[in-house]
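What the sequence shown shows, in mature numbering (1 follows the signal peptide of the UniProt record, and there is no 0), is residues -29 to -1, 1 to 301, in sequence order. Cβ atoms here follow ideal geometry from the backbone N, Cα and C, with glycine treated the same way. For clarity, every value in this text was computed on a predicted model and none was experimentally measured. To start, the structure under review is shown below, and the notes come after it.
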Amino acid sequence: MSERPSRTRTAAVAVASLLVLGAAAPALAASGGDTAHHPAPLPASYSIPGDKTYPEGIARQHGKPYFYVGSTSDGTIYRGDIRQPATRVFLPGGQDGRVSVAGMKTDGAGRLIVAGGATGKVFVYDTRTRALLHVFDTGRTDVFLNDVALAPNGDAYISDSTHPALWHITAAELRGSTVHQPLRVGVDLNHTPMVYNAGFNGNGLVVTHDGRYVLLADYNDYAFYRVDLRTHQVVPIDLGGAKGISGDGLLLRGNTLTAVTELDNPDGQIAVLKLSHDYTRAHLVRTVHGHGMHSPSTAAFDGRDLLIVNFQFQMADPHLPFDVVRVHCA
């Protein structure tokens, strides 16, 4: 996301508009979780077509050289190859009612699961055939489906920035053949410590490796919460006094939480935090700024590197071309 005049971001504006090394970084991974080395260096950045694209989400496909990014402006989804410096259109904007997209993930079956922002829908595609597999619809107009996280059992959870809910798609629903399905609330966030105010609230999220919890960022309040998927209890995560840490995008590896944001940081901020074993406390290890970031939104792992999306939210004169940058942040 990008520089903004205040800490309040409205969904209407979002829909309307809606760390890299100097040289090419060494190739570290064939997929998001792999550690195999490539024989040649990988590009330091990946360009995205268009001067009004404003890309927000990213998904790194496991076992393939591909990643996907999407436009908040018109819903176009682009595919990049980590070995090539430019992305290409994968799914044109506007198809299937997909007029804006935000966060996304790919699962082990090769499905691309895409949060549709203010459309209130989640779109699911086959990355091999590009076929539309599912549209999950909230049926609401007061929502902004922002980001997607996958659980170890194949379930998907979707954050909502304007309506106090954590949405849920089961693995069985993703495997099924029914295209149009309702999107159901997984956890009602009303009457919990996570209070929704004007602007953007629920944002980046991850599922813990045991599948028990969702760790969810409250973008407005520089806060993080542990959501128990069994009991629906919501507990604030104690940041140990760390200030200015926000989570537009979250990544989890072991007990290390990586939070990416542009909030108050037009040159980007990557915050690396060490979590307690019960995920109720976090210690800030370090923050990283710059390195080719321009008001970034989120990231995906590529081995030991991060692929960072330069969203440039609300910037009338964005740095072009829009791009994804490679940041070594081990």
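Using a Cβ-Cβ cut-off of 7 angstroms (strictly less than) and excluding sequence neighbours within five positions of residue 84, which residues of its own chain qualify?
In the sequence shown, counting from the first residue as 1, residue 84 sits at position 113. Correct list, in chain order: 75, 76, 78, 93, 95, 119, 127.
Mapping DSSP to helix, strand and coil, what is residue 68?
Translated into the one-based positions of the sequence shown, residue 68 becomes position 97. Looking at residue 68 - three-state DSSP - the assignment turns out to be helix.
Paired residues, beta bridge with residue 38 - DSSP:
For the purposes of this step, residue 38 is taken as residue 67 along the sequence shown, with counting starting at 1. Per DSSP, 31, 51.
Could I get the ranges of all uninterrupted beta strand (DSSP E) runs contained in the region 207 to 280, with 3 residues as the minimum, in chain order?
Segments of the beta strand (DSSP E) lying fully in the region 207 to 280: 220 to 224, 227 to 232, 240 to 246, 253 to 259, 267 to 273.
What is the DSSP secondary structure of residue 298, counted as helix, strand or coil?
Taking the sequence shown and counting its residues from 1, the one referred to as residue 298 is at position 327. Secondary structure at residue 298: strand, using DSSP grouped into helix, strand and coil.
For residue -22, which residues of its own chain have a beta-carbon under 6 angstroms away from its beta-carbon, when the five flanking residues on both sides are left out?
Translated into positions along the sequence shown, residue -22 becomes position 8. Because residue -22 carries a pLDDT of 40, less than 50, the predicted location of this residue cannot be relied on, and no value is offered for it.
Runs of alpha helix (DSSP H) lying entirely within the region 120 to 174, each at least 4 residues, in chain order:
If we require 4 residues or more, the alpha helix (DSSP H) runs fully inside the region 120 to 174 come out as 142 to 146.
Using only the alpha-carbon positions, how far apart do residue 212 and residue 156 sit?
Reading the sequence shown from its first residue, position 241 is the one you call residue 212. Reading the sequence shown from its first residue, position 185 is the one you call residue 156. Between residue 212 and residue 156, the C-alpha separation is close to 32 angstroms.
Beta-carbon proximity check, residue 291 vs residue 45, cutoff 8 angstroms:
Here residue 291 corresponds to residue number 320 of the sequence shown, with the count starting at 1. Here residue 45 corresponds to residue number 74 of the sequence shown, with the count starting at 1. Between residue 291 and residue 45, the CB-CB gap reaches or exceeds 8 angstroms.
May I ask you to verify whether the region 101 to 115 touches the region 157 to 166, counting CB pairs closer than 8 angstroms and requiring at least 3?
With fewer than three CB-CB distances shorter than 8 angstroms, the region 101 to 115 does not count as touching the region 157 to 166.
I need the boundaries of the beta strand (DSSP E) containing residue 92, first residue and last residue.
The residue labelled residue 92 in the question sits at position 121 within the sequence shown. Boundaries of the beta strand (DSSP E) around residue 92: 92 to 97.
Run through DSSP, which three-state label would residue 189 get?
Here residue 189 refers to the residue found at position 218 of the sequence shown. Three-state DSSP puts residue 189 in a strand.
Assuming residue 16 and residue 259 are in contact, meaning their beta carbons sit under 8 angstroms apart, how far apart are those beta carbons, in whole angstroms?
The count along the sequence shown starts at 1 and reaches residue 16 at position 45. The count along the sequence shown starts at 1 and reaches residue 259 at position 288. Between residue 16 and residue 259, the beta carbon gap of about 16 angstroms keeps them out of contact (Cβ cut-off 8 angstroms).
With a threshold of 8 angstroms, are at least 3 pairs of Cβ atoms found where one atom belongs to the region 189 to 198 and the other to the region 208 to 227?
Yes, they touch.
With a CB to CB cut of under 8 angstroms and the five nearest residues on each side skipped, what residues in its chain are close to residue 102?
Position 131 of the sequence shown holds residue 102. Around residue 102: 96.
Return helix, strand or coil for residue 109, following the three-state DSSP convention.
Taking the first residue of the sequence shown as 1, we reach residue 109 at position 138. In the structure shown, the three-state DSSP call for residue 109 is coil.
How many angstroms separate the CA atom of residue 299 from the CA atom of residue 53?
The residue you call residue 299 lines up with position 328 of the sequence shown. The residue you call residue 53 lines up with position 82 of the sequence shown. Distance between the alpha carbons of residue 299 and residue 53: 14 angstroms.
According to DSSP, is residue 25 part of a helix, a strand, or is it coil?
Locating residue 25 in the sequence shown gives position 54, where the first residue counts as 1. In the structure shown, residue 25 sits in coil (DSSP, three-state: anything other than H, G, I, E or B).
Report the three-state DSSP secondary structure of residue 62 (helix, strand or coil).
Walking along the sequence shown from the start, residue 62 turns up at place 91. Under the three-state reduction of DSSP, residue 62 is assigned to strand.
Should the region 212 to 230 be called in touch with the region 160 to 167, which here means at least 3 C-beta pairs below 8 angstroms?
Fewer than three pairs of CB atoms, one per stretch, sit closer than 8 angstroms, so the region 212 to 230 makes no contact with the region 160 to 167.
When 82, 123, 42, 121 are compared against residue 106, the one with the closest alpha-carbon:
Taking the sequence shown and counting its residues from 1, one reaches residue 106 at position 135. The candidate whose alpha carbon is nearest that of residue 106 is 82.
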